[in-house]
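Residue numbering for the sequence shown is 649 to 1026, as defined by my numbering.
Even for Gly, the Cβ is constructed at its ideal location relative to N, Cα and C.
Note that this is a predicted model, so its numbers are computed, not measured.
Inspection log for the structure reproduced underneath, given as structure tokens.
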Amino acid sequence: MTDSPPADRPSADVSQGARPYSPGLEGVIAGETSLSFVDGERGRLIYRGYRIGDLVEHGTYPAVANLLWTGDWDAGHHLPTAPVPAEVLTVLRALPSTTKPMDALRTAVSAWGATQDLPWPPTVEQARALTAFVPSALAAFARLRAGQEPVEPDPSLDLVPGFLYQLTGSRPDEGTARALDAYFIVGSEHGFNASTFTARVIISTRSDIASAVAGAIGTMKGPLHGGAPSEVVDQLAEVGSADHAEQWVRDALAKGERLMGFGHRVYRAYDPRAKALRTVAEGMAHKPDWLQLAIEVEDVALRVLAEKHPDRPLKTNVEFYAAPVLMGVGLTPDLFPATFSLARTAGWTAHALEQAANNRLIRPDVNYVGPEERDLPS
Ligand code: COA
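Put into structure tokens, the structure is as follows:
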């Protein structure tokens, strides 16, 4: 060492010297995956090589989940929802009706894990069982907090119509089920986002798949990750009508506000998930009456954002068109984040399998920036 460190800083041999450090791990390659590729520059998203638009058009959520878990494309793959174990229902009944759906879902997954034998390494059967359980758990909670009894799964229904059936007590029409299924497909997987990384860290310790998904739900609960399609709904309500759109957008940006449903950490081009969901929203039989307003606000917002940020492309993201799809299928906005977690369970569990198949304990280093070694005060 040639220079002495400042008195309140550790020397290089106490910390790690000059190794690179990236806050938030931004730009750090922390693993390898063959599950999905998020091509931010070109606005592409592929799952195991298949384009997201094609999967939405020709696939179902169970087929996509199976693709993520196994690598095989079976368009007719069937996955009904699973019953909620009695012990988990007891736990859900004990929660106050004011419990947030994300807290209830995280608790349900934790309780489910306590009722199962989940040896390491995780298996496709474990992934299927957990993915089939979560919709039933959220539906049961939503009914219990409204003073209604849970509805048993209908094994003849696939996972997404089954979820709507257990939520409402009646079978959804095909168009409604198909629209939510498309949302589940685009929500199922998206690279090394924070919740997926959490799941992989947990699995890397040889912990079980329920712990990995409970941790991932806790991570997704944060407003920086869980997304806010409900805030898109709020902003459109503030805009009110298309002739106010330009003034509203300019005022919001002048106040330093962010336009919900625009911008992304990775995408510099139009989010391919937004494109797929816009088509779905426009084709819905029960689309919200503000969808046309949303389309007009989007045009204005893209134009004004391009004008304000000529060097940083800010395009529509998935949340913008998730909002009309989720509203259109009859979900209340407070269920939006937990519904996103149901969809992402396929991706989380697929990453658990992938991590376990080539496991290395995830344990990065940290720069020590505390005081030098010293004596306790006498
Ligand atoms: N509306 C207005 N301005 C935005 C914006 C938005 N939605 N998103 C980014 N910007 C601006 C920032 O104000 C910043 O401007 P500055 O350089 O003049 O300060 C610039 O673009 C870069 O922003 P930054 O926060 O570094 O971008 P990021 O890549 O870290 O942020 C998001 C990504 C998603 C957090 C951000 O775009 C955002 O907050 N979007 C709105 C919320 C949303 O839709 N979330 C869902 C994401 S799927």
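Contact check, residue i vs residue j, beta carbons under 8 Å
i	j	result
Ala678	Ala1000	no
Ile865	Leu753	yes
Ser618	Asn1007	The first residue shown for the chain is 649 and the last is 1026, placing residue 618 beyond what the model contains.
Gly863	Thr846	yes
Pro689	Arg916	Checking the sequence, you will find Glu at residue 689 rather than Pro. Yes, they are a contact pair.
Val966	Arg921	yes
Leu727	Trp721	no
Trp760	Ala858	yes
Glu930	Ala893	no
Pro981	Val881	yes
Ala994	Thr779	yes
Ala723	Ser836	no
Pro907	Lys956	It should be noted that the sequence gives Leu, not Pro, for residue 907. For Leu907 and Lys956, no; Cβs fall outside 8 Å.
Pro710	Asp806	yes
Gly697	Tyr918	no
Leu792	Arg854	no
Trp996	Ala777	no
Leu683	Glu1002	yes
Pro1027	Leu983	Outside the shown range of the chain (649 to 1026) lies residue 1027, about which nothing can therefore be said.
Val782	Trp717	no
Asn1015	Tyr695	no
Buried or exposed (CB count within 10 angstroms, at least 16 for buried), residue i
i	result
Gln883	buried
Lys869	buried
Lys963	buried
Ala825	buried
Glu933	For the sequence presented, residue 933 should be read as Ala rather than Glu. So Ala933 counts as exposed.
Ala762	exposed
Asp1023	exposed
Phe685	exposed
Glu1021	exposed
Ala942	buried
Ala713	buried
Ser659	Caution is warranted here: a pLDDT of 45 is assigned to Ser659, below 50, making its placement in the model unreliable, and the coordinate value is therefore given only provisionally. Answer is exposed; the Cβ neighbour count stays below 16.
Ala1069	Residue numbering for the chain in the displayed model covers 649 to 1026; residue 1069 lies beyond these limits and cannot be assessed.
Leu703	buried
Thr738	exposed
Pro671	exposed
Gly817	exposed
Asp856	buried
Leu872	exposed
Leu1009	exposed
Val948	buried
Pro1025	exposed
Thr746	exposed
Pro820	buried
Arg667	exposed
Pro770	buried
Glu905	exposed
Gly795	exposed
**Asked** Do the region 981 to 996 and the region 830 to 841 touch if we need at least three Cβ pairs shorter than 8 Å?
**Response** The answer is yes - the region 830 to 841 touches the region 981 to 996, with three or more Cβ pairs under 8 Å.
**Asked** Can you find at least 3 beta carbon pairs, one from the region 920 to 927 and one from the region 955 to 972, that sit closer than 8 Å?
**Response** The region 920 to 927, when compared against the region 955 to 972, does touch it at the 8 Å Cβ threshold.
**Entirely enclosed alpha helix (DSSP H) segments - the region 921 to 964, minimum 4 residues** = As far as the region 921 to 964 is concerned, its whole alpha helix (DSSP H) runs of at least 4 residues are 939 to 956.
**Prompt:** Taking three-plus beta-carbon pairs below 8 Å as touching, is the region 938 to 955 in contact with the region 894 to 914?
**Reply:** Touching, yes, given that three or more Cβ pairs across the two stretches are closer than 8 Å.
**Prompt:** Is the region 783 to 790 touching the region 798 to 817, taking contact as three or more C-beta pairs under 8 Å?
**Reply:** The region 783 to 790 vs the region 798 to 817: in contact.
**Prompt:** Below 8 Å, can you find three or more Cβ-Cβ pairs linking the region 790 to 807 to the region 729 to 737?
**Reply:** In this structure the region 790 to 807 touches the region 729 to 737; the number of beta carbon pairs closer than 8 Å is three or more.
**Request:** Quick one: which unbroken alpha helix (DSSP H) runs of 4-plus residues sit fully inside the region 830 to 900? Chain order, please.
**Result:** Fully enclosed alpha helix (DSSP H) runs of 4 or longer: 842 to 852, 857 to 868 and 877 to 887.
**Request:** Quick one: which unbroken beta strand (DSSP E) runs of 3-plus residues sit fully inside the region 715 to 783? Chain order, please.
**Result:** Complete beta strand (DSSP E) runs here, min 3: none at all.
**Item:** Start-end ranges of the beta strand (DSSP E) lying completely within the region 669 to 718, minimum 3 residues
**Value:** As far as the region 669 to 718 is concerned, its whole beta strand (DSSP E) runs of at least 3 residues are 684 to 687 and 692 to 695.
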